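Chemist:
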Amino acid sequence: LRLETRVRMEMGETSVACEIAQECLQSQPTSPEILEWYADTMQKAGHVPQATEAIRTALQYDRQNAKLYTHLAILEAKGDKPEDAIATLRKLVDLDNAPANVEDLVIGARQLDPLGDYAGALSVYQHAVKKADSHWKIPIHIESAACYYSMSKADLALSEINVPAREEVNNT
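Read left to right, the sequence shown gives residues 45 to 216 (our numbering).
(1) Mapping DSSP to helix, strand and coil, what is residue 57?
(2) Suppose contacts are defined by Cβ-Cβ distances below 8 Å. Is residue 99 in contact with residue 79 by that definition?
(3) Grouping DSSP H, G and I as helix and E and B as strand, with all else coil, what is residue 199?
(4) Under the rule that 16 or more other beta-carbon atoms within 10 Å means buried, what is residue 74, buried or exposed?
(5) Leaving out the 5 sequence neighbours to the left and right, which residues in its chain are closer than 7 Å to residue 157 when beta-carbon positions are compared?
(6) For residue 145, collect the residues of the same chain with a Cβ closer than 7 Å to its Cβ; drop the 5 residues on either side in sequence, then sort them by chain order.
(7) Helix, strand or coil for residue 91 per DSSP?
(8) Express the C-alpha separation of residue 86 and residue 62 in angstroms, rounding to a whole number.
(9) Out of 197, 162 and 89, point me to the one whose CA is closest to residue 121's CA.
(10) Whose C-alpha, out of 124, 91 and 83, is nearest the C-alpha of residue 114?
(11) Work out the CA separation of residue 125 and residue 183 for me, nearest whole Å.
(12) What is the DSSP secondary structure of residue 74, reduced to helix, strand or coil?
(13) Excluding the five sequence neighbours on either side, which residues of its own chain have a C-beta within less than 8 Å of the C-beta of residue 154, listed in chain order?
(14) Alpha carbon to alpha carbon, how far is residue 119 from residue 95?
(15) I'd like the span of the alpha helix (DSSP H) that includes residue 174, first residue to last.
Spelled out as structure tokens, the structure:
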């Protein structure tokens, strides 16, 4: 059914694709995987509120799924209240397996950039860097520097770029 839905979407048969997804969801309304697939279909069809609600429902059944939090943050960033995306991304960072979720967090925070919400993205990066392992600290500092630069705060951008170098000196 997923393949048929994808083909129908590509053929421009959006309403048929949505009907297939709806039927599948009715048969398994508590499956996080089906809910996410349904949300993808609704999002591609331009039904962002339904997609958002489906992901929120999926999270009720799978609260530790980092991909669902990322998907929700992306939908929220595109919706009426992008500030909700920041709260969702912070929840992602606070999951039990936070270091493994940092990549999802960066993907989600990047969704705030096109909206011009650099302060929101920066707030998420600063929250994440506290839990990130050493592999992710440098990319997060670079993303933070880009946010500062976009906010016309070049001095803070340079300072953020230099944080990894200072940390390396302090560790030797």
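Heads up, the beta-carbon is just placed ideally off N, CA and C, and yes, glycines get one too.
Source: prediction; values computed, not measured.
Modeler: According to the structure shown:
(1) coil
(2) yes
(3) helix
(4) exposed
(5) 165
(6) 110, 136, 137 and 139
(7) coil
(8) 7 Å
(9) 162
(10) 83
(11) 27 Å
(12) coil
(13) 165 and 187
(14) 8 Å
(15) Element bounds for residue 174: n/a, residue is neither H nor E.
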